[in-house]
Every structure is written in structure tokens, then in C-alpha cells.
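The numbering of the sequence shown is the working numbering, which starts it at 54 and goes up by one.
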Amino acid sequence: MGMFHYYNLKVSEVFIFDDFLINQIKEGVTIKSHHNTELKTLIDTHFQDKNIAYISNRVMSYSVDPMTYKETAQIPNLVAMAVIPKTESMRKSANYEKQFYKKPYEIFDNLSAAIIWVHSIIAFENSVVKNM
């Protein structure tokens, strides 16, 4: 499982792996629905016709407009979201945001646990597709 692409974007750093991406939003950014266009472009480029999970590694302080999640959930092959908050305040925000995302969404204390979870969700989603 090696990283095969890295993007240093205006609002974040994105690390692309085989079946998930890790996004680290930069300090002070407010994520809004228009940011989904860039996310969808990356997903279409690297994960065309393949299920993917999104891991938010929240090491910087930033905010998310919760309405963004409704549009994010419309990305068909984005099957799950994991969040790794650095602080208790970030954890509270992630818990609040969870109610706006209608696909699997979990909060973790570390990256390793998040990766294990996203692999299990993707394996499940892939088995559902094969059994249809």
C-alpha cells in the first residue's frame, strides 16, 4: 500500500493511495460545497469505477460548512469518510458534522485505526457489488 500521488493544493494537502485518500486541510480554511468540485476531480482521475474512502486528518484548525456533506455524499464511489481530530474541539465538530453525511462516517484517534476501518468498509462495499 504505497502512496502514489501527492497534491499540494491551495486549501489542502492530498495523499492518494490505492483505495483511499488522506486530506489535510490547511490552517484557517473554510470548506464549502464548491470544494467538492476539486475533490470529485481527484476521485474521477484516480479512482474511476472504483470504491474509495476519504480520510480527513485534522491536524490544522479549519471549519466545514456542514451543508458540504450533502453534496459530498453524491459522489457515487465515495463510500465512507473517516475523521481523525487532533483536539477535543475538533472531535466535537466532527461529531456534529456526522449528522449531515449519510454514508459510513466514523471518528478515530489515529490514522492506523482509520485505515483499518476504511479497508473493511471498502471490502464490504466491493463484496456487495460482486454479489449483485
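Note that the Cβ used here is the ideal one computed from N, Cα and C, for glycine as well.
It should be emphasised that the depicted structure is a prediction, and the values quoted were computed from it without experimental measurement.
- In the structure shown, the three-state DSSP call for residue 68 is strand.
- Taking the Cα positions, residue 170 is about 12 Å away from residue 105.
- Inter-residue distance for residue 93 and residue 128 is about 7 Å (C-alpha atoms, whole angstroms).
- If you check the CB distance, residue 161 and residue 122 do not come in under 7 Å.
- In this structure, residue 167 places its C-beta atom within 7 Å of the C-beta atom of residue 137.
- The beta carbons of residue 126 and residue 156 sit closer together than 7 Å.
- In the DSSP secondary-structure assignment, residue 59 is bridged to 68.
- Every alpha helix (DSSP H) of 4 residues or more that sits fully in the region 99-157 is shown, in chain order, as 121-125, 141-151.
- Less than 7 Å separates the beta-carbon of residue 76 from that of residue 109.
- Residue 80 sits exposed, since fewer than 16 C-beta atoms from the chains shown fall within 10 Å of its C-beta.
- A residue is called buried once 16 or more other Cβ atoms fall within 10 Å of its Cβ, and residue 57, having fewer, is exposed.
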